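Before any comments, here is the structure.
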Amino acid sequence: MISRFDVRGLLLGAAILCSGSPQAQNTIDFAAVKIEAQQVRDNIYMLTGSGGNLGVLTGSEGAILIDDQYAELSEKIVAAIAKLTDKPVRFLINTHWHGDHTGGNENLAKQGIVIVAHDNVRERMSHENFMAAFNRNFPASPAVALPIVTFSDNLTLHVNGEDLVVTHLKNGHTDGDSIIYFRKANVIHTGDLVFNGAYPLIDVDSGGSIDGIIAAQEYILSIVNDQTQIIPGHGALADKADVQALHDVLATVRDRVRDLKAEGKTLEQIQQAKPNADFDPAYGAGFIDGDRIIEFAYKSLGQ
Numbered sequence: 009m010i011s012r013f014d015v016r017g018l019l020l021g022a023a024i025l026c027s028g029s030p031q032a033q034n035t036i037d038f039a040a041v042k043i044e045a046q047q048v049r050d051n052i053y054m055l056t057g058s059g060g061n062l063g064v065l066t067g068s069e070g071a072i073l074i075d076d077q078y079a080e081l082s083e084k085i086v087a088a089i090a091k092l093t094d095k096p097v098r099f100l101i102n103t104h105w106h107g108d109h110t111g112g113n114e115n116l117a118k119q120g121i122v123i124v125a126h127d128n129v130r131e132r133m134s135h136e137n138f139m140a141a142f143n144r145n146f147p148a149s150p151a152v153a154l155p156i157v158t159f160s161d162n163l164t165l166h167v168n169g170e171d172l173v174v175t176h177l178k179n180g181h182t183d184g185d186s187i188i189y190f191r192k193a194n195v196i197h198t199g200d201l202v203f204n205g206a207y208p209l210i211d212v213d214s215g216g217s218i219d220g221i222i223a224a225q226e227y228i229l230s231i232v233n234d235q236t237q238i239i240p241g242h243g244a245l246a247d248k249a250d251v252q253a254l255h256d257v258l259a260t261v262r263d264r265v266r267d268l269k270a271e272g273k274t275l276e277q278i279q280q281a282k283p284n285a286d287f288d289p290a291y292g293a294g295f296i297d298g299d300r301i302i303e304f305a306y307k308s309l310g311q
């Protein structure tokens, strides 16, 4: 059984966002990683391994893959999909630019798979990016790894009898986040706009903000119902109640930090005050602890 939130998986997946780096090689034992498939509904599956959760749609017209974790896992991911369908993967959709969601792009593109993403994903992957959350620079991706189909607001893929509505939600986890709504099946892949049961990473250096991620979750909540199955960026398969709970926690965190910041408190003073101590045991046990979510909120408020 998949736990509500796999802390170890997030620690490994979120700690190294750039596939192929020396840190990734030293931190993750890729040989030991197992790609496991969970049927979400009908011909839609969630795949887990190391890094962000994957989505797969199968059918007679070929498979659609959402995100691809690390380059070192590409063969295992392709093999896992082959157990679900004898058709090749036709399209790969990246939910955002981070390496635990795009690390396999180069390998899959060389197999002829068409990569689709928001304009800002291609732009960020095209050059070096600094992330203060890791205090390091991430190099540009090779040209073959870049999305070749990009969009500004939304697009729809009509395949395997399903309508996949891909929608950009601004300045949440990053500035290039997209959700994928399987309209007929009532399933949504949220990318890292939702960490099920944990504080999310908010990449302020890539245009992310706490206001934006809360707004994105409000949009998601506006289009789902109690029957919607939700594939989060990290954590176990979710439902509307899980997203609502995370949204309410983040909205409260935001308001508390904003009020203390308005009083003239510094980031360090707010962290020392532990204003979210009531949420930290349940939501701060992963890579993002109570101090880090305060930092994200503090730095992004007003952006």
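Position one of the sequence shown corresponds to residue 9 (the numbering used here), numbered consecutively onward. Even glycine gets a Cβ: it sits at the ideal position worked out from N, Cα and C. Bear in mind the structure is a predicted one, so any value in this text is a computation, not a measurement.
By the C-beta criterion, the region 142 to 151 is judged not to be in contact with the region 191 to 202, since fewer than 3 inter-stretch pairs fall below 8 Å. In terms of CA proximity to I43, A87 leads the group A87, D75, I36. In this chain, F142 is not harboured by any alpha helix (DSSP H), its DSSP state being neither H nor E.
Counting of Cβ neighbours within 10 angstroms places A151 among the exposed residues, the total staying below 16. Our two residues, D50 and S308, have alpha carbons roughly 40 Å apart in a direct line.
Short of 7 Å from the beta carbon of S134, and not among the five residues preceding or following it, lie these beta carbons of its own chain, in chain order: A148, L154.
Just measuring C-alpha positions, the residue of V232, D234, T236, H176 sitting nearest I221 is H176.
The region 120 to 127 makes no contact with the region 204 to 222, as fewer than three CB pairs between them are under 8 Å. By the Cβ-count criterion, S58 is buried, with 16 or more other Cβ atoms from all chains shown falling within 10 Å of its own Cβ.
For the beta strand (DSSP E) assignment, the uninterrupted runs of no fewer than 3 residues enclosed by the region 114 to 201 are, from N- to C-terminal side, 122 to 126, 137 to 139, 144 to 146, 157 to 159, 162 to 167, 170 to 176, 186 to 190. Judged by DSSP in its simplified three-state form, P240 adopts strand. In the displayed model, T110 falls within a helix according to three-state DSSP. One alpha carbon belongs to K282, the other to H255, and they sit about 19 Å apart. Annotated as proximal: I296 and Y207, with beta-carbon spacing under 8 Å. Taking the C-beta atoms as reference points, I74 is found no nearer than 8 Å to L92. The beta carbon of S160 sits closer than 6 Å to the beta carbons of D127 from its chain, once the five residues preceding and following it are set aside; these are given in chain order.
Pairing N102 with D263, the inter-Cα distance amounts to about 31 Å. For the alpha helix (DSSP H) assignment, the uninterrupted runs of no fewer than 4 residues enclosed by the region 29 to 76 are, from N- to C-terminal side, 30 to 35. Looking at the DSSP output, A246 shares a beta bridge with I238. Residue nearest to A224 within the set V202, G241, N233, I238 is V202 (criterion: CA-CA distance).
Collapsing the DSSP output to three states places F287 in coil. Per DSSP, F99 is one residue of the beta strand (DSSP E) stretching across 97 to 101.
DSSP, read as helix, strand or coil, puts F295 in coil. It is roughly 41 Å from the alpha-carbon of N113 to the alpha-carbon of Q280.
In the DSSP assignment, G220 falls within the unbroken alpha helix (DSSP H) covering 218 to 231. Under the 10 Å beta carbon count, R191 is surrounded by fewer than 16 other beta carbons and is classified as exposed. The straight-line gap separating the alpha-carbon atoms of V167 and A249 is approximately 29 Å. Nearest neighbour of G70 by Cα position, chosen from E136, A305, L165, V174, turns out to be L165. Excluding its 5 nearest sequence neighbours in each direction, T66 has C-beta neighbours in its own chain below 6 Å: N51, L92, T93, listed in chain order. Short of 6 Å from the beta carbon of D185, and not among the five residues preceding or following it, lie these beta carbons of its own chain, in chain order: H104, L177, G199, L201.
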